[in-house]
Structure formats: structure tokens, C-alpha cells
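Residue numbers (our numbering): 1 to 249.
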């Protein structure tokens with residue numbers, strides 16, 4: 001699916017790695033940007049920099065090889081991620097990646113956080129570093145809702161355990177809300193704020209369940225709705241407004 005770009009909805013004013021800004025513009029990859037920076041071919045606000053870790057404001061003037069870097073409009077994409085797809089832009093094993101499902105010419109976008117290879121559902125991709133940092137930072141308590149299919153009937157006595165909190169190897173984590181589907185006793189819906197790695201699977205494995213299917217149906221209030229597996233689209237103005245409000249809270 002190809003996209004028609006619109007003007008920026010969310011202005012990015014956070015400090016961002018120089019190589020990331022260059023890559024997001026579509027000029028080259030981050031690795032290539034690091035090579036250009038290390039060779040002294042990049043100037044920021046008329047000053048040459050060779051610092052690979054330098055962070056700058058997104059509106060700074062960047063010149064590469066004597067030519068001013070052209071910024072891309074921010075792009076915000078919703079993907080209904082399928083199973084067996086890697087949430088990354090680069091994979092040394094050459095496995096199928098989420099970026100392979102997006103048709104964007106000369107524009108680099110990046111996944112907002114990660115979904116496991118075997119997890120499906122809502123995944124956002126963007127070149128807006130400020131939004132990405134906000135949505136992925138643990139302190140911002142971004143809400144995620146998952147539909148989970150288990151290998152056996154869910155014991156409702158485990159609801160209180162999940163809501164009280166379970167002590168895993170990286171600390172205590174609790175579920176905010178839980179719903180058991182009455183017709184399918186092995187299917188539950190969980191709402192959680194934690195962004196810890198594989199947290200839903202680990203919580204349920206601790207209670208001796210095997211997760212057969214894990215589908216993220218909502219992330220930061222954004223739902224895939226009627227969007228079919230592997231399909232993607234631009235976020236609409238209502239969805240962008242929802243994200244913007246969360247940034248301002």
C-alpha cells in the first residue's frame with residue numbers, strides 16, 4: 001500500500017541522534033550516516049561535527065557534502081502485524097520484517113517499540129522521534145490491550161493474582177484489567193501498562209499457561225479495527241489528536 005503524505009501533525013522538538021535524523025530523511029541508513037559524520041562531511045548549524053553520539057534539535061540546519069539536508073514530513077502508520085514477521089528494519093538472517101509490508105518510497109520509518117515475532121496486532125511506525133520516545137518510555141504508562149488464546153481453560157482464581165501483581169525476575173508486574181470471554185473459557189483480554197519484554201507471555205507462563213495466540217488489539221488507544229492482517233494505513237486526524245493529547249498530559 002502506498003501513501004499520500006500530509007503536513008506535520010506533531011512538531012518534534014526533542015534532541016535526537018544526528019544519524020537518526022539523517023536516516024529518517026531518507027538520505028541514507030544510520031550506519032552510512034555514521035561514516036559521513038566520522039569523515040567530517042556533516043555540519044550542524046554551520047559547525048563540522050565528528051561526534052557519532054551527538055544529539056541535536058530536529059530543526060537544526062544539517063549540511064552533508066555541501067548540500068542542505070531536506071527533511072521529510074512526519075509519517076504515522078498503523079500496521080496490523082501478522083505472525084512470523086520481525087519488528088525491526090534490519091535483520092542479519094534476512095527474515096521477513098514489518099518494514100517489508102510498508103510501501104514508502106524514499107522515506108524511512110521505524111517501529112514504535114516491538115512486538116514479538118509470534119505476536120500479532122497493532123504496531124505503529126513513524127519517523128517522529130519525539131512521539132516514539134514518548135510512547136516507548138516506561139514512565140509514560142502507555143496502555144496496551146491484548147487478546148490471548150491459552151492452551152487450556154483460564155482459572156478465574158488467577159484474576160486476583162494478576163491484578164495484585166506477580167513477582168518475575170525483573171520485578172513485580174500487574175494487570176490493570178482482565179476479561180474472560182464467556183463462550184471461550186481459554187480466551188482472555190488483558191489491559192496492561194507495562195512495557196517489559198514478553199511481559200504478557202511471562203505472566204501467564206508463571207501461572208502455568210501456554211499462550212497459543214497473542215494479539216495486541218489496542219496500543220495507546222489506537223486499534224486496528226477492520227484493518228486486516230498485514231494491511232496498513234496512515235493514522236487519521238482523530239487518532240493523531242489522541243496521541244498528541246497523551247503527549248501533553
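Note that the Cβ used here is the ideal one computed from N, Cα and C, for glycine as well.
From the DSSP output, read off the bridge partner residues of residue i.
i, result
"residue 215", "120 and 147"
"residue 82", "Residue 82 pairs with nothing; no bridge assigned."
"residue 68", "63"
"residue 92", "Bridge partners of residue 92: none, in fact."
"residue 173", "166"
"residue 110", "126"
"residue 97", "86"
Assuming residue i is part of the alpha helix (DSSP H), what are its boundary residues?
i, result
"residue 233", "From DSSP, residue 233 is part of no alpha helix (DSSP H) but of the beta strand (DSSP E) over 232-234."
"residue 177", "No alpha helix (DSSP H) contains residue 177, which is instead part of the beta strand (DSSP E) from 177-180."
"residue 102", "Premise fails: residue 102 is in no alpha helix (DSSP H) and is neither H nor E."
"residue 52", "From DSSP, residue 52 is part of no alpha helix (DSSP H); its letter is neither H nor E."
"residue 245", "237-248"
"residue 205", "199-206"
In this structure, how does DSSP classify residue i when only helix, strand and coil are distinguished?
i, result
"residue 129", "helix"
"residue 32", "helix"
"residue 136", "helix"
"residue 167", "strand"
"residue 191", "strand"
"residue 251", "Because the chain spans 1 through 249 in this model, residue 251 falls outside it and cannot be assessed."
"residue 44", "strand"
"residue 222", "strand"
"residue 229", "coil"
"residue 77", "strand"
"residue 142", "coil"
"residue 9", "With a pLDDT of only 33 at residue 9, under the threshold of 50, the placement of this residue in the model should not be trusted; the figure read from the coordinates follows. In the structure shown, residue 9 sits in coil (DSSP, three-state: anything other than H, G, I, E or B)."
"residue 183", "coil"
"residue 2", "Note that residue 2 has pLDDT 48, beneath the 50 cutoff, so the model's placement of it is unreliable and the number below is only indicative. Residue state, collapsed to three classes: coil."
"residue 58", "coil"
"residue 20", "helix"
"residue 25", "coil"
"residue 210", "coil"
From the options, pick the residue whose C-alpha is nearest to that of residue i; which is it?
i, options, result
"residue 195", "143, 164, 88 and 232", "143"
"residue 157", "135, 114, 207 and 246", "207"
"residue 128", "234, 180 and 73", "73"
"residue 112", "103, 93 and 132", "132"
"residue 313", "218, 66, 170 and 42", "No answer is possible for residue 313: it lies beyond the span of the chain, which begins at 1 and ends at 249."
"residue 233", "125, 52 and 192", "125"
"residue 172", "25, 192, 150 and 180", "192"
Output the boundary residues of the beta strand (DSSP E) element that contains residue i.
i, result
"residue 17", "15-17"
Is residue i near the ligand GDP, with its Cβ less than 7 Å from a heavy atom?
i, result
"residue 74", "The ligand GDP is not part of this structure, which contains no ligands at all."
For the segment 207-224 and the segment 102-121, state whether three or more C-beta atom pairs, one from each stretch, are separated by less than 8 Å. Yes: the two stretches touch, three or more of their Cβ pairs being nearer than 8 Å.
Counting pairs of beta carbons, one from the segment 97-104 and one from the segment 64-80, are three or more of them closer than 8 Å? Yes: the two stretches touch, three or more of their Cβ pairs being nearer than 8 Å.
Check whether the segment 220-228 and the segment 179-196 touch, using three or more Cβ-Cβ pairs below 8 Å as the test. At 8 Å Cβ cutoff, the stretches do not touch.
On the three-pair Cβ rule with 8 Å, is the segment 18-32 touching the segment 59-77? Output reads yes: the segment 59-77 touches the segment 18-32.
Three-pair Cβ contact test at 8 Å for the segment 160-171 versus the segment 202-212: The segment 160-171 vs the segment 202-212: in contact.
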